[in-house]
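Note sheet for the following structure.
The following block contains the structure:
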């Protein structure tokens with residue numbers, strides 16, 4: 053893949069930027085897909101971007117917690133409480149404030165412990181979780197239980213997990229109504245979906261109710277809903293409508309870990325993804341992803357420009 057200079061990358065991805073940094077040395081425009089180049093000592097991964105019209109902000113890199121996850125078990129929590137909680141705290145210490153959770157991952161209690169033991173300021177965090185509920189009663193119960201498990205009065209983003217059907221808005225309407233009510237009551241701040249088929253993705257892009265989309269995207273089409281040439285136009289339409297756009301499967305579910313910087317450059321260079329989440333199991337993987345994002349921005353890990 054051709055290597056863009058930092059100037060070319062930012063011109064393509066950002067355009068004009070407004071002042072108003074969430075962290076020192078970072079400025080962004082509401083809804084822009086990538087923040088300005090950070091000043092020395094502030095990693096690009098810790099830069100905050102506004103998620104479309106939601107008004108919520110996330111760090112450019114999010115800590116994923118659902119690697120090889122099923123039935124409340126993941127590669128992260130199979131490492132044990134001490135390691136998993138320690139990794140969440142380490143991600144926070146490195147500047148990450150976006151945490152991607154899900155009921156299916158069994159990550160809620162670990163996040164609760166990390167917030168408490170790590171002394172995290174809840175107001176600085178973007179806590180996203182996902183529900184597998186398929187009816188109104190189950191969704192209401194999930195919202196109450198998930199907040200208890202995480203130890204928080206509110207959830208920043210709640211997604212309906214893993215939509216695959218071309219008409220999911222029909223089947224899931226009762227759950228959508230519950231989430232709309234929860235937003236009005238201040239229980240959640242934004243709602244949306246994660247999609248696992250192209251038809252479901254297309255419907256999400258054109259559905260006004262969807263405020264946040266978590267979508268599979270990388271340069272190779274690995275573990276995606278379709279090849280990039282089919283998926284990217286859908287993502288661009290969704291972004292243009294003001295949705296908060298989050299990317300996942302950046303490394304193709306671990307199949308391209310040697311090309312993470314290349315994928316980050318591709319995904320963020322599209323101009324339609326605000327932030328990305330990557331599931332890290334080891335502390336070194338967290339540091340590696342942060343460094344790879346620096347590389348994607350043509351900035352060395354110490355904050356020095358790596359390209360003119």
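Numbering (my numbering), first residue to last: 53 to 360. Using N, Cα and C, we set each Cβ at its ideal position, and we do this for glycine too. From a predicted model like this one, the values you see are computed outputs, not experimental measurements.
{"Asked": "Entirely within the segment 208 to 263 and at least 4 residues each: give me those alpha helix (DSSP H) ranges in chain order.", "Found": "220 to 223, 225 to 236 and 250 to 258"}
{"Asked": "With DSSP as the reference, identify every bridge partner of residue 101, one or two as the case may be.", "Found": "110"}
{"Asked": "By how many angstroms is the C-alpha of residue 249 removed from the C-alpha of residue 282?", "Found": "12 angstroms"}
{"Asked": "Mapping DSSP to helix, strand and coil, what is residue 313?", "Found": "helix"}
{"Asked": "Between which residues of its own chain and residue 335 is the CB-CB distance below 6 angstroms, once the five residues before and five after are set aside?", "Found": "139 and 142"}
{"Asked": "How should residue 220 be labelled, buried or exposed, when 16 other C-beta atoms within 10 angstroms of its C-beta is the threshold for buried?", "Found": "buried"}
{"Asked": "Are residue 265 and residue 292 touching if we call contact CB-CB under 8 angstroms?", "Found": "no"}
{"Asked": "If you draw a straight line from the alpha carbon of residue 247 to that of residue 214, how long is it in whole angstroms?", "Found": "5 angstroms"}
{"Asked": "What is the DSSP secondary structure of residue 200, counted as helix, strand or coil?", "Found": "helix"}
{"Asked": "DSSP three-state label for residue 349, please.", "Found": "coil"}
{"Asked": "Return the residue from the list 168, 124, 95 and 304 that minimises the CA-CA distance to residue 279.", "Found": "304"}
{"Asked": "Could you please give me the residues that DSSP links to residue 297 through a beta bridge?", "Found": "265"}
{"Asked": "Taking the beta carbon of residue 263 as the centre, do at least 16 other beta carbons fall within 10 Å, making it buried, or is it exposed?", "Found": "buried"}
{"Asked": "Please state if the CB of residue 96 and the CB of residue 112 are separated by a distance shorter than 8 angstroms.", "Found": "yes"}
{"Asked": "Is residue 343 helix, strand or coil when you go by DSSP?", "Found": "helix"}
{"Asked": "Using the beta-carbon count (16 or more within 10 Å), is residue 84 buried or exposed?", "Found": "Low local confidence applies: a pLDDT of 47 at residue 84 is under 50, so the model's placement there is unreliable, and no value is given."}
{"Asked": "So, at 8 angstroms on beta carbons, what are the nonlocal neighbours of residue 179 in its own chain, with the 5 sequence-adjacent residues on each side left out?", "Found": "151, 153, 163, 202, 204, 207, 208 and 209"}
{"Asked": "Please return the same chain residues whose Cβ sits closer than 7 angstroms to the Cβ of residue 324, not counting the five positions on each side in sequence.", "Found": "85, 287, 288, 291 and 297"}
{"Asked": "Spell out the partners DSSP gives residue 284 in its beta bridges.", "Found": "Bridge partners of residue 284: none, in fact."}
{"Asked": "Distance, Cα to Cα, residue 157 vs residue 148?", "Found": "20 angstroms"}
{"Asked": "What separation, rounded to the nearest whole angstrom, lies between the Cα atoms of residue 276 and residue 302?", "Found": "10 angstroms"}
{"Asked": "Of the residues 133, 319, 294 and 337, which one's Cα is nearest the Cα of residue 102?", "Found": "294"}
{"Asked": "Within a Cβ cutoff of 6 angstroms, which residues of the same chain sit near residue 316, ignoring the five residues on either side of it in sequence?", "Found": "345 and 348"}
{"Asked": "Nearest to residue 340 by CA position, among 311, 327, 318 and 322, is which residue?", "Found": "311"}
{"Asked": "Taking the runs of the alpha helix (DSSP H) that are 4 residues or longer, which of them lie wholly in the segment 159 to 205?", "Found": "160 to 169 and 188 to 202"}
{"Asked": "Taking the CB atoms as reference points, tell me whether residue 132 and residue 331 lie closer together than 8 angstroms.", "Found": "no"}
{"Asked": "In the DSSP output, which residue or residues are listed as bridge partners for residue 38?", "Found": "Shown here, the chain extends from 53 to 360; a query on residue 38 therefore has no answer."}
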